[in-house]
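Notes to accompany the following structure.
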Amino acid sequence: MPVSAPRTELDDALAACRSYLLAAGGFSFAINLLYLASPISMLQVYNRVVSSGSQVTLVLLTAILLSAFAALAALDGVRARILSRMGVKLDRLLADKVLSAAFRSPGGNRAQALRDFDTFRHFVSSPSLSALLDLPWVPLYVAAAFLLHPVLGWFTLGASVILLALAVANEFLQSRALREAGEAAGKSQSFIEMSLRNAEVVSAMGMLPGLLARWRQDRNLVILKQTQAADRAGSVGGAIRFLRLSMQSLALGLGALLAIEQLVSLGAMFAATFLLGRAVQPIEQIVGSWRNIVSARAAYRRLKELFDQSPPADARLSLPRPDGALAVEGLHYALPKTTRLVLRQIGFVLSPGEALGIIGPSGAGKSTLARLLVGVLKPSQGAVRLDGADIRNWPEAEVGRHIGYLPQDIELFADSVAANISRFQSGMDAEVIRAAEMAGVHDMIQRLPDGYNTQVGEGGAVLSGGYRQRIGLARAVFGRPSLVVLDEPSSNLDADGDAALTDCLASLKAMGTTVVIVSHRPGSLARVDRILVLRDGAMDALGPRDDIAARLMRTERPLPKVANG
Numbered sequence: 041m042p043v044s045a046p047r048t049e050l051d052d053a054l055a056a057c058r059s060y061l062l063a064a065g066g067f068s069f070a071i072n073l074l075y076l077a078s079p080i081s082m083l084q085v086y087n088r089v090v091s092s093g094s095q096v097t098l099v100l101l102t103a104i105l106l107s108a109f110a111a112l113a114a115l116d117g118v119r120a121r122i123l124s125r126m127g128v129k130l131d132r133l134l135a136d137k138v139l140s141a142a143f144r145s146p147g148g149n150r151a152q153a154l155r156d157f158d159t160f161r162h163f164v165s166s167p168s169l170s171a172l173l174d175l176p177w178v179p180l181y182v183a184a185a186f187l188l189h190p191v192l193g194w195f196t197l198g199a200s201v202i203l204l205a206l207a208v209a210n211e212f213l214q215s216r217a218l219r220e221a222g223e224a225a226g227k228s229q230s231f232i233e234m235s236l237r238n239a240e241v242v243s244a245m246g247m248l249p250g251l252l253a254r255w256r257q258d259r260n261l262v263i264l265k266q267t268q269a270a271d272r273a274g275s276v277g278g279a280i281r282f283l284r285l286s287m288q289s290l291a292l293g294l295g296a297l298l299a300i301e302q303l304v305s306l307g308a309m310f311a312a313t314f315l316l317g318r319a320v321q322p323i324e325q326i327v328g329s330w331r332n333i334v335s336a337r338a339a340y341r342r343l344k345e346l347f348d349q350s351p352p353a354d355a356r357l358s359l360p361r362p363d364g365a366l367a368v369e370g371l372h373y374a375l376p377k378t379t380r381l382v383l384r385q386i387g388f389v390l391s392p393g394e395a396l397g398i399i400g401p402s403g404a405g406k407s408t409l410a411r412l413l414v415g416v417l418k419p420s421q422g423a424v425r426l427d428g429a430d431i432r433n434w435p436e437a438e439v440g441r442h443i444g445y446l447p448q449d450i451e452l453f454a455d456s457v458a459a460n461i462s463r464f465q466s467g468m469d470a471e472v473i474r475a476a477e478m479a480g481v482h483d484m485i486q487r488l489p490d491g492y493n494t495q496v497g498e499g500g501a502v503l504s505g506g507y508r509q510r511i512g513l514a515r516a517v518f519g520r521p522s523l524v525v526l527d528e529p530s531s532n533l534d535a536d537g538d539a540a541l542t543d544c545l546a547s548l549k550a551m552g553t554t555v556v557i558v559s560h561r562p563g564s565l566a567r568v569d570r571i572l573v574l575r576d577g578a579m580d581a582l583g584p585r586d587d588i589a590a591r592l593m594r595t596e597r598p599l600p601k602v603a604n605g
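Note that this note's numbering has the sequence shown beginning at 41, numbered continuously upward.
Have a look at this one:
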């Protein structure tokens, strides 16, 4: 028996919105029933009013028809409101989870996830979905045509099938081009976003002409595929409009022929024309909005894949605050979708309050190891344990409070200095100031225009590199974490900044915080207890700071291999 795929948060959100869809479907049924008022009125006018000459009957029929049209318009407006509210509820249920899944995603274009969600949400609230909800009621008009006369019924059915076949052909003609256009547009958008983040580099080194040429290649592919899809859509849409108009005229002629033969009434001739037009209208609307439908379907598939690949962590037992004992056991890490090992057989143990310095040549895997230690990356093999518990088994909402991390590429958020230091937790003013004092940046912040309330701009653009690094350090030590991992914390610091970093490390050790620091600068390692040397993704040496430093000075002597972490 095949095993069904596990339900995702996307499935749960859509299930919660099912009542909205069912209600919209019910209104669609009522709307399509009311559309029958027009052909029924035609039959009564031509069959009763014209023959009897009763003006009272004509007035009553007109009043009833206008009432039906008013009810139809009201129900159509209610249906639109239902679908709009469905989009709102979908946003409330899923927007945060999409962003969370994007953060958990192992890589790729994370911003695309939110764009996909907005595309799908807009489709849910759009007239395109209304046309899809009207499509199942096409048989209602075909059945009404059969009631007029079997010939008219078969003609209406045949016309609907032909136009439906054209809609299916439109799928094969457009879908591939639209999918390729969407993929190319995503790549182009990612490239230009990355370029805009590095606008200073582009401007300083005169890269703009080459960058525009590179971007234009992606842009031309997007335009080419969109043009192909638009040309094919135009051809199919034109064919459908031609057939609809032609078939309506043929239906009128066929009804006239049957009326001449006295097989149907004169009213049936006009009613059949209306029924045919209404039967094929949803098909024409669907073909006209096919681009939106394909985009929404592609967005849904990418969202489904995102949630499948990045499921939320299972509910885990809340663990007590860790002391900071860190154990790295047989750690291996390979790049996603490859077998190339970036790190292999890494193992060491740190006691609470102990500090480890990690050094090595570029490309040795130092930053990758730092990211593994804080749980940003998932090891291919082995484990990182904090107080004996695998760091990835800690409750996701809790483990971050016990870890401080300063990445090599520092990104501050477009908010105040205080919000960045506090990790966006409110009511923690005393802890914010304490963290800033530990990082030696309190006095510097006080000299900013609005102090701790100063807006740092996107990425911390209004601050210098040294300011950003020291505020990032304050964020890392905020909340008295049990483990602090610093990746090149002194790369933008001056002599005062180095001194502040050294004092901060001393304070962390005095608090019993375990510290791991990646650095190329010897001054940053003055307070560490041991040094780990990485080379080509493997441990080359591990030992007391003074011993490793002395051996590094003797370049003629190779470092001993480590047999056991």
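Beta carbons: idealized from backbone N, C-alpha and C, even for Gly.
Fair warning: this is a prediction, and the values are worked out from it, not measured in the lab.
- If you ignore the 5 residues before and after residue 85, its C-beta comes within less than 8 Å of the C-beta of 98, 101, 307, all in its own chain and listed in chain order.
- Taking the C-beta atoms as reference points, residue 348 is found nearer than 8 Å to residue 48.
- Taking one beta carbon from each stretch, the stretch 259-266 and the stretch 372-391 have fewer than 3 pairs nearer than 8 Å; the two do not touch.
- Residue 110 and residue 323 have their C-alpha atoms roughly 24 Å apart.
- Residue range 95-144 is occupied by the alpha helix (DSSP H) that includes residue 127.
- In this structure the stretch 388-403 does not touch the stretch 528-535; the number of beta carbon pairs closer than 8 Å is below three.
- In this structure, the CA atom of residue 209 is about 22 Å from the CA atom of residue 223.
- Proximity to residue 118 across 71, 373, 445 peaks at 71, based on C-alpha coordinates.
- Counting of Cβ neighbours within 10 angstroms places residue 152 among the buried residues, the total reaching 16 or more.
- Counting other Cβ atoms within 10 Å of its Cβ, residue 245 stays below 16 and is therefore classed as exposed.
- Approximately 5 Å separates the beta-carbon atoms of residue 266 and residue 221; this is inside 8 Å, confirming the contact.
- Residue pairing of residue 554 in beta bridges, as defined by DSSP: 523.
- Counted as a single uninterrupted DSSP element, the beta strand (DSSP E) harbouring residue 388 occupies residues 381-390.
- Membership of residue 399 in the beta strand (DSSP E) is indicated by the continuous run 395-399.
- Assigned with DSSP and collapsed to three states, residue 459 falls in helix.
- In its chain, beyond the 5 residues on either side, 329, 332, 333 have a beta carbon closer than 7 Å to the beta carbon of residue 168.
- At a Cβ-Cβ threshold of 8 Å, residue 295 and residue 304 count as neighbours.
- Pairing residue 484 with residue 544 gives a Cβ-Cβ distance that is not under 8 Å.
- With distances taken between CA atoms, residue 268 lies nearest to 213 out of 298, 50, 213, 187.
- An exposed status is given to residue 94, since fewer than 16 other beta-carbon atoms sit within 10 Å of its beta-carbon.
- The shortest CA-to-CA distance from residue 586 to any of 396, 441, 115 is the one to 396.
- Bridge partners of residue 476 according to DSSP: none are assigned.
- Between the stretch 509-525 and the stretch 439-450, the count of C-beta pairs closer than 8 Å reaches three or more; the two stretches touch.
- Between the alpha carbons of residue 456 and residue 557 lies a gap of roughly 27 Å.
- In the structure shown, the three-state DSSP call for residue 303 is coil.
- Of all alpha-carbon atoms in 362, 431, 138, 258, the one lying nearest the alpha-carbon of residue 350 is that of 138.
- No alpha helix (DSSP H) of 4 residues or more sits fully in the stretch 180-230.
- Rounded to whole angstroms, the separation of the alpha carbons of residue 64 and residue 336 is 19 Å.
- By the Cβ test, the stretch 412-419 is not in contact with the stretch 570-577, since fewer than three Cβ pairs between them sit closer than 8 Å.
- Here the alpha carbons of residue 346 and residue 448 stand approximately 27 Å from one another.
- Per DSSP, the continuous beta strand (DSSP E) segment holding residue 580 begins and ends at 578-584.
- In the same chain as residue 394, and ignoring 5 residues on each side of it, the C-beta atoms closer than 7 Å to its own belong to 554, 569, in chain order.
- For the 8 Å CB-CB criterion, residue 75 and residue 112 form a contact.
- Here the alpha carbon of residue 159 sits roughly 12 Å from the alpha carbon of residue 135.
- Residue state for residue 372 is assigned as strand, using DSSP reduced to three classes.
- The beta carbon of residue 130 sits closer than 7 Å to the beta carbons of 53, 57, 161, 164 from its chain, once the five residues preceding and following it are set aside; these are given in chain order.
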